[in-house]
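Read the structure below first, then the notes.
Protein chains: 2
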Amino acid sequence: MASHTTLLPKKGRASRVTISDVADALGMTKSTVSRAMNGYPDISESTRLRVQRAAEQMNYQPLSHAQAIKTGQTRSLGLVLQLSDHDAQRPFLAEFLAGLSAGASTKGYTLTVAAADNDTHLSEVFQNLWRDGKADGFILPRAMVKDPRVRLLRDTEVPFVLFGRQADPTGCCWFDIRGEDAMRDAVLHLAELGHRRIGFINGGEIYTYAQLRREGFLAGMAAAGLEIDPKLVAGDSVTRRDGDAAAARLLDAANPPTAIVCAVDHVALGVYRAATDRGLVIGHDLSVTGYDGIEDGSHAQPPLTTFAVDSRQAGVELATLLIRRLSGEAPETLRKTAGATFLDRGSTGPVPNHN
Amino acid sequence: MASHTTLLPKKGRASRVTISDVADALGMTKSTVSRAMNGYPDISESTRLRVQRAAEQMNYQPLSHAQAIKTGQTRSLGLVLQLSDHDAQRPFLAEFLAGLSAGASTKGYTLTVAAADNDTHLSEVFQNLWRDGKADGFILPRAMVKDPRVRLLRDTEVPFVLFGRQADPTGCCWFDIRGEDAMRDAVLHLAELGHRRIGFINGGEIYTYAQLRREGFLAGMAAAGLEIDPKLVAGDSVTRRDGDAAAARLLDAANPPTAIVCAVDHVALGVYRAATDRGLVIGHDLSVTGYDGIEDGSHAQPPLTTFAVDSRQAGVELATLLIRRLSGEAPETLRKTAGATFLDRGSTGPVPNHN
DNA sequence: ATGAAAGCGCTAACAG
DNA sequence: CTGTTAGCGCTTTCAT
Numbered sequence: 001m002a003s004h005t006t007l008l009p010k011k012g013r014a015s016r017v018t019i020s021d022v023a024d025a026l027g028m029t030k031s032t033v034s035r036a037m038n039g040y041p042d043i044s045e046s047t048r049l050r051v052q053r054a055a056e057q058m059n060y061q062p063l064s065h066a067q068a069i070k071t072g073q074t075r076s077l078g079l080v081l082q083l084s085d086h087d088a089q090r091p092f093l094a095e096f097l098a099g100l101s102a103g104a105s106t107k108g109y110t111l112t113v114a115a116a117d118n119d120t121h122l123s124e125v126f127q128n129l130w131r132d133g134k135a136d137g138f139i140l141p142r143a144m145v146k147d148p149r150v151r152l153l154r155d156t157e158v159p160f161v162l163f164g165r166q167a168d169p170t171g172c173c174w175f176d177i178r179g180e181d182a183m184r185d186a187v188l189h190l191a192e193l194g195h196r197r198i199g200f201i202n203g204g205e206i207y208t209y210a211q212l213r214r215e216g217f218l219a220g221m222a223a224a225g226l227e228i229d230p231k232l233v234a235g236d237s238v239t240r241r242d243g244d245a246a247a248a249r250l251l252d253a254a255n256p257p258t259a260i261v262c263a264v265d266h267v268a269l270g271v272y273r274a275a276t277d278r279g280l281v282i283g284h285d286l287s288v289t290g291y292d293g294i295e296d297g298s299h300a301q302p303p304l305t306t307f308a309v310d311s312r313q314a315g316v317e318l319a320t321l322l323i324r325r326l327s328g329e330a331p332e333t334l335r336k337t338a339g340a341t342f343l344d345r346g347s348t349g350p351v352p353n354h355n
Numbered sequence: 001m002a003s004h005t006t007l008l009p010k011k012g013r014a015s016r017v018t019i020s021d022v023a024d025a026l027g028m029t030k031s032t033v034s035r036a037m038n039g040y041p042d043i044s045e046s047t048r049l050r051v052q053r054a055a056e057q058m059n060y061q062p063l064s065h066a067q068a069i070k071t072g073q074t075r076s077l078g079l080v081l082q083l084s085d086h087d088a089q090r091p092f093l094a095e096f097l098a099g100l101s102a103g104a105s106t107k108g109y110t111l112t113v114a115a116a117d118n119d120t121h122l123s124e125v126f127q128n129l130w131r132d133g134k135a136d137g138f139i140l141p142r143a144m145v146k147d148p149r150v151r152l153l154r155d156t157e158v159p160f161v162l163f164g165r166q167a168d169p170t171g172c173c174w175f176d177i178r179g180e181d182a183m184r185d186a187v188l189h190l191a192e193l194g195h196r197r198i199g200f201i202n203g204g205e206i207y208t209y210a211q212l213r214r215e216g217f218l219a220g221m222a223a224a225g226l227e228i229d230p231k232l233v234a235g236d237s238v239t240r241r242d243g244d245a246a247a248a249r250l251l252d253a254a255n256p257p258t259a260i261v262c263a264v265d266h267v268a269l270g271v272y273r274a275a276t277d278r279g280l281v282i283g284h285d286l287s288v289t290g291y292d293g294i295e296d297g298s299h300a301q302p303p304l305t306t307f308a309v310d311s312r313q314a315g316v317e318l319a320t321l322l323i324r325r326l327s328g329e330a331p332e333t334l335r336k337t338a339g340a341t342f343l344d345r346g347s348t349g350p351v352p353n354h355n
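Sequence order for the protein chains is A and B.
Taking UniProt numbering, I'd label the letters of the first sequence as residues 1 to 355.
Taking UniProt numbering, I'd label the letters of the second sequence as residues 1 to 355.
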């Protein structure tokens, strides 16, 4: 596709082609070239074209550091990671980074990553990255209900994009997956199979996705005309272990559920274990629906019913949104959600009649 | 600890403290300040101190972009990811990034991450990052036996550090964990328990770690005076599924092993499954030793015998090594290995006598 | 619509 | 030892 770039120089860094080279080759001045490249309105269409063609042909690309010194923009997107159990165990991160990197690079952007240990440290990391011009804006993974990052960045007018939604959308751009729809569909699917006692295990309640998924579950129950038994609802479960514990509670209740909907995939795996420990067969004695998608399929047996989330695509979307934001687009126009695909891989079944 | 940095400005980017500000405040010229900050030898100790104190106090930090335009150095470490099954499923990446970020930031460095899809794309990613001065050097995860990255970067004299060793060490810096020792110890441990038929399932053979671990296994067998049965040796297994398949082959052999050593942790999980499918009890009918450490313990039951690898620490080490390399230290002095801790969590046991 | 010139924040000869 | 003077590659007034 792209014409192959020249090889690296045998020694040291390449002596790049500069704006002056292009200007000289075209018999114009640097300023004309600069304005042509940056889409200023006072440049004739013909010269703009000549310049762009020459730039392409001479393989000229403005040095972002040199631009940064005047403009403050360095064509790099910032990502600040906060380590938690939640994310650690999954393909999520690698795929997500790949998506971000891909989305960024198509527009000539690059990715700067930092990790924050704890909350006090968090704002410092942002400040440093911003102060030093290491990032023109930030991608914030896992939007929280009360998100300190949003407060910090919004107040200071630093551009950012959320992975996840926000109750107060002022100044927020985001990409998110409509997990609530999936939860709702899961309930309806189970209700159609005849289930009436449906349990729910929610994810980390500090995150907005959990609020939304809970609402989706409730909406599904309401639509199916089913009642909510508070004893069959658990929350704040994000790991397999959490799922095991939560499911144990539900299954050992006086009147246990015949189906359980989980907001998080690994939690569903925990439910499998709890069920198996009690001699229950998934898809027969108990129906389980998990969310998110453990892609390699090596964990679940029998197959987990799941809604796939494409982390890579999320990364691409977020990078693109942030870049558009940096180009001056209004936040209101930069909000996007995507649906989740329902996949029953056989973990749901009819209501058990031995009761 | 650190005195809290000033808040972000209400609007736009902070008007930073420049070198001129410092110079003016001290009644000297920019060049003196510059040289004092960069440790030039022709600056009196007294002024160096005055400058450093003033810089600290005025919260001055040279703008890396401005420096870069002259020096080419932007104080940022490059990391190019190649997605593979191998890495996807694990905490590895998050911890590793955290370590890199931590190691880098203590020296005022930052992390630039990119992802490469395939081999053709790979060199392009390096070139762009390097050409555009987005990275002063690179961290290369998972050293390979014939590593195209090493060839590319060594030839062009781009600084880099390997996670993993290299047969031809010319110009290479690295950090690695001595997995071969762990493999050896595992064999000796099993031999001591009386095992004579010990199988081995190696990891991805394109990586140097696999070569080394194989050698470790062989060394252990030799030291224990045991013979190698080629039928009990498998390789190129990196996932649970791979482990399941490989173990099936070993266990279904005419004269099956009483113990299996795995080079990769998830593979050991696969062995568990294959064993369970055949009605074998781990630690009783079959001993299994895995490598690497699935930290959360939620996967293995009964506990897997494992050797922990601290991904975070590896990140810190690698960042530190690369920064030292960038400061001009010779590659030969920048090679470091760390031992692996042996932990028998109960997955090994005596030789079964029902045979 | 384009050129001339100044300057961003910093480093690096070259003087003295 | 320190100051003077040029730039680095690029953007951005201000003229024309």
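Heads up, the beta-carbon is just placed ideally off N, CA and C, and yes, glycines get one too.
Which residues in the same chain have their Cβ closer than 7 Å to the Cβ of residue i, if we skip the five residues on either side of it in sequence?
i, result
"V316/A", "G99, A102, G103"
Would you mind telling me which residues of chain A sit closer than 7 Å to residue i, beta carbon to beta carbon, in chain order?
i, result
"S64/B", "D132"
"L93/B", "L93, A94"
"T74/B", "H65"
Since residue i meets chain B, which of its residues come closer than 8 Å, beta carbon to beta carbon?
i, result
"I69/A", "L63, H65, A66, I69"
Specify, as a first and last residue, the run of the beta strand (DSSP E) that residue i falls within.
i, result
"Q313/A", "No beta strand (DSSP E) contains Q313/A, which is instead part of the alpha helix (DSSP H) from 311 to 326."
"S287/B", "287 to 289"
"V261/B", "259 to 262"
"L153/A", "That residue, L153/A, is in no beta strand (DSSP E); its alpha helix (DSSP H) goes 148 to 155."
"R240/B", "From DSSP, R240/B is part of no beta strand (DSSP E) but of the alpha helix (DSSP H) over 240 to 251."
"L162/A", "160 to 163"
"G133/B", "That residue, G133/B, is in no beta strand (DSSP E); it is neither H nor E in DSSP."
"G204/A", "G204/A -> no beta strand (DSSP E), and no H or E assigned at all."
Which of helix, strand or coil does DSSP assign to residue i?
i, result
"G270/B", "helix"
"Q61/B", "coil"
"V17/B", "coil"
"T47/A", "helix"
"Y209/B", "helix"
"A340/B", "coil"
"R178/A", "coil"
"T110/B", "strand"
"R53/B", "helix"
"R335/A", "strand"
"I69/A", "helix"
"A330/A", "coil"
"A234/B", "strand"
Measuring straight from C-alpha to C-alpha, what distance separates residue i and residue j?
i, j, result
"P159/B", "L81/A", "26 Å"
"A25/B", "S64/B", "22 Å"
"A94/B", "D310/B", "12 Å"
"E180/B", "Y209/B", "8 Å"
"P169/A", "L218/A", "23 Å"
"R154/B", "D185/A", "55 Å"
"N202/B", "G72/B", "43 Å"
"T110/B", "G194/B", "52 Å"
Taking the alpha helix (DSSP H) that residue i falls in, what are its first and last residues?
i, result
"V33/B", "30 to 37"
"S76/A", "Counting along the chain, S76/A falls outside any alpha helix (DSSP H), though it belongs to the beta strand (DSSP E) covering 76 to 82."
"G137/B", "Where G137/B is concerned, there is no enclosing alpha helix (DSSP H), although the beta strand (DSSP E) it sits in stretches over 137 to 140."
Can you pull the chain B residues whose beta carbon is under 7 Å from the beta carbon of residue i, in chain order?
i, result
"T112/A", "T110, L111, T112"
"L83/A", "A94, A98"
"S101/A", "V113, A114, A115"
So, at 6 Å on beta carbons, what are the nonlocal neighbours of residue i in its own chain, with the 5 sequence-adjacent residues on each side left out?
i, result
"T18/B", "none"
"residue 356/B", "The structure shown does not extend to residue 356/B, since chain B spans only 1 to 355, so no value can be given for it."
"S123/B", "L152"
"G339/A", "R178"
"R312/A", "E95, A98, G99"
"G235/B", "N202, E205"
Can you name, in chain order, every residue of its own chain whose Cβ lies under 8 Å from the Cβ of residue i, other than the five neighbours on each side?
i, result
"R241/B", "G270"
"R196/A", "L226, T258, V351"
Quick one: which chain B residues come within Cβ less than 9 Å of residue i?
i, result
"S15/A", "Result: empty, since nearest Cβ-Cβ is about 11 Å, beyond 9 Å."
In chain A, which residues lie with their C-beta within 8 Å of the C-beta of residue i?
i, result
"S20/B", "The contacting residues do not exist; S20/B stays about 14 Å from chain A at best."
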